Every structure is written in C-alpha cells, then in structure tokens.
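Q: Numbering (our numbering), first residue to last: 1 to 462.
Ideal Cβ positions, reconstructed from N, Cα and C, are used throughout, including at glycine.
Small disclaimer: the values here were computed from a predicted structure and weren't measured.
Shown below is the structure under consideration.
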C-alpha cells in the first residue's frame, strides 16, 4: 500500500508538472523573443526621428553611432535614390537583409522581421522629406532572442523536480502512517493466533485503523477472559475433586481386605485417573491467558492465605503440622491470580500426594527488591532426582499425577523472568523455591543453573 501511494502521487505530480511546465516554458520563450524585438524597435524609432528631419549622411552617421545597436554594428539605414539626376541610394551601417526583403518593405511600408545569418533583422520603414520610404534595419542576434531562456527553464525544471520530490515524500509519510498501524494489527493478529494472548495494538493512526485496533483489542480481551474463565474452571475442578478423592482413597485404604474393598479401591483409582485425564486435557499446552501491562498481577500474600485456608482442613484431618510465614503484608507480583492459584495448588497437592500422613510442611513468602520467593517445604522423604522432577511431564508416570504440577509452577515463574529450584528443606524433606521476578530479570544463579541443566539434558539425549 505504501509504494502504491508513492507511485500514484508520483504519476499525478509528474502529469501536473508537465501540464503546467511545458506551456509555461513556451510562454517564457515567447516573452524573451518579444523583449529582444521590442528593444530593436526602440533603436529603430530613435533613428526614424533623425530621418524625418535630415538625410545628411554625416548627421545620420552620428545618429547611428549614438545608439546602442549602431555602436555594436547592429544598425543600418537604407535610403533610396531621390530621383534627381545623379542621385544614388545611400547605405549607412552594416546591412544584413537581402535586397528582396528591402524591396518588399518599401513596396508595402510595414515593419517586418526576416531571418538572417546568425539571427534576425527588424526592418522598420520610415518616411523621409523627399516623400520616399527609408528602411531602418536593426540586427537582433540569436543570443539576444534566447537571452535568459536557459536559466528560466532550469529554474522551472528545478521547481518541477522539487514538487515531484516533495509529493513523493509526503505520499511516503502518509503511506507509513497508514501502513504501520495495519502492519501492527497484522502482527498482533498473528501473535494472537500463535497463542500469545498478551498481544495488543496501539489505538492510533487513521480513524478506520483506530476503529479496527479498538475492535481487535476488545476481541483479544474477550478471548483472554474466556480462556481465563476456562482456566479457573479447570483449577476449581481440581480443587473440588482432589480433596474428596483423597478422602475416598484414605477411607478405601482402611476398608481392609475383601472383594468389596478391592472394588472400592479400584473404583477410586479409576476415578482419580479419569480426573487426571480431564485436568491434563484442560491445562496441557496452555498459553498465557493474561494480558501483560501496568496494573496486571495479584497480591501473593492474599492468594497464599486463601489457598492455605483451603488446604488446612485436609492437613488437620491427616494430622499435619502447618507453618505459614511472610504473608502479614501485601506482596504485589506480576502474575495473574488464577496462575498463582494453580501453581500453589500444584505444589501443595504434591505435598499431600507424595508424603505420608502426619508429615509437616510450611509455606514462606520472602519479598525482595527485585523478586519475590515462595518456599514450599515439607518433612517428607524428599526427591531423589530434582532435575528429572522439573522436566516437563516427568511426574506423570506416577499414579495420581497429571504430569503438569511442577511444569505449571515453572511456567508461572519463567513468565516473570524467574525460575524454580528443588532442594533439601530445613524440615528434612523437599523444598521447592519459586523465584518470581518483579522487573522481568531472572536471578543470575538461577539462570546459570537452568542453562547447566539444559546443557546436561541435551548431552544426555545425544
């Protein structure tokens, strides 16, 4: 579109310049010619006054020499013979016109212009005292006829070129102003199609493109809201079903032996697998569902307190000691509330699923200048291979796991420039440290550990 506008502007401007410049150039040429011959007529008129008074050669010589044209040798006077015996025609100055042209002017006493070598000759008839017609010839060189014409044409061409360049520059700027918003809209639509739902379009440019940008942003917000609702529904399904299933599994384990007990335990296990399948289908390969920008995020302390209230009931039933720290004041993080809820539920759910009843655990929130660290620690047996546990989907091989728990946590942390680390807790079991960046930069040690882990996994694959 940009180059199309430039080509249209170029074609239109060239046509306008040609339509005006060619006639104007011809007018300038005619004006230069008229100026030269008008000056010649003035020179001829000056001599005509002398001829009407006298035909004396000496006086006429002085009169001719006193004019600009005569001094330059461009003026001549042709006086015919008076008709008296012995009289002869008189020629003063240097004449260039042919005898035929002179005879024509004498026969028809009217001023005329004839072409001579090197220029033109103006023939001006003048009546003298003898009643005859004398002819004043003024030579006009070709240079005087075209004097200043080349300069005028160059100026005209320069003005035309400047108009063409200016119109192309203006058309290019207008094209950029129209094309850039359209390109941004196309890129945002492509990003949205690729699953980057934080893509938005600046609402600027022409009115039509601003309307399109507003409509696109509204559509993207609707998509984000729909997907966020779906994510919240999947998380709610996990919250609602995991706890009853855990209780059912614990109760089924206490039924003892017998066909009915085995059938009950098998049914519970099958139900857990079906729930895992539903949750995995809802969350697997999930793109970011929140738009990034100023004001996006949630209060980590509030979310942690809320989820700990939820899991405390089950912890009390299983005799687990719970410790919560660092949530006595607001801690703002650039993570959407549903994302943080899903990550916390995944971590706490792992504690309940993979540690024996009565195992103590704790959740600590540390607020730093450039990051917030969430620590989930337990007193269980620990994880033998932390790097394997962090690998995407690795935990799905275990019963009662969707394979997405720690992967969800890692995605949340990495979306802020942070990371996840698994180590040994002060309680003796597993400690999961979630580093959430506040300014989009990961902690250097975390970045080095992540790169080393990736390198080791690549070497293992090779």
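1. Pull the bridge partners of residue 422 from the DSSP assignment, please.
2. Which residue wins for smallest C-alpha separation from residue 413, given the options 378, 386 and 372?
3. Report the three-state DSSP secondary structure of residue 444 (helix, strand or coil).
4. Beta-carbon within less than 6 angstroms of residue 286's beta-carbon, same chain only, minus the 5 sequence neighbours each way: which residues are those?
5. Let me check one thing: in DSSP terms, what residues is residue 378 bridge-paired to?
6. Just the Cα atoms here: how many angstroms apart are residue 190 and residue 180?
7. CB-CB under 6 angstroms to residue 437, same chain, minus the five flanking residues each way: which ones, in chain order?
8. Since residue 206 is in the alpha helix (DSSP H), which residue starts that stretch and which ends it?
9. If you run the structure through DSSP and keep just helix, strand and coil, what is residue 56?
10. So, with DSSP's three-state summary, where would you put residue 367?
11. Can you tell me whether residue 72 is helix, strand or coil according to DSSP?
12. Just the Cα atoms here: how many angstroms apart are residue 31 and residue 104?
13. Applying the criterion that 16 or more other CB atoms from any shown protein chain within 10 Å of the CB defines a buried residue, is residue 3 buried or exposed?
14. List the endpoints of the continuous alpha helix (DSSP H) containing residue 155.
15. Would you tell me roughly how many angstroms separate the C-alpha atoms of residue 182 and residue 162, rounded to the nearest one?
16. Can at least three beta-carbon pairs, one atom from the segment 58 to 66 and one from the segment 36 to 44, be found at a separation below 8 angstroms?
17. Ends of the beta strand (DSSP E) at residue 93?
18. Just how far apart, CA to CA, sit residue 207 and residue 158?
A: So, from the data block:
1. Answer is 432, bridged to residue 422.
2. Among 378, 386 and 372, the Cα nearest to that of residue 413 belongs to 372.
3. Note that residue 444 scores 42 on pLDDT, short of 50, meaning its location in the model is unreliable and no value can be drawn from it.
4. Reliability of the predicted coordinates at residue 286 is poor, the pLDDT of 48 falling under 50, and no value is obtained from them.
5. According to DSSP, residue 378 bridges with 361.
6. As the crow flies, the alpha-carbon of residue 190 is around 15 angstroms from that of residue 180.
7. Excluding residues within five positions, the ones whose Cβ falls inside 6 angstroms are 371, 416, 417 and 418.
8. Counting along the chain, residue 206 falls outside any alpha helix (DSSP H), and DSSP gives it neither H nor E.
9. Judged by DSSP in its simplified three-state form, residue 56 adopts coil rather than helix or strand.
10. Note: residue 367 maps to strand in three-state DSSP.
11. Three-state DSSP puts residue 72 in coil, outside helix and strand.
12. The alpha-carbon atoms of residue 31 and residue 104 are separated by roughly 27 angstroms.
13. With a threshold of 16 other beta carbon atoms within 10 Å, residue 3 falls short and is exposed.
14. Where residue 155 is concerned, the enclosing alpha helix (DSSP H) stretches over 149 to 193.
15. Roughly 30 angstroms separates the two Cα atoms.
16. Taking a contact to require three or more Cβ pairs closer than 8 angstroms, the segment 58 to 66 and the segment 36 to 44 do not qualify as touching.
17. Its beta strand (DSSP E) spans residues 90 to 93.
18. Distance between the alpha carbons of residue 207 and residue 158: 37 angstroms.
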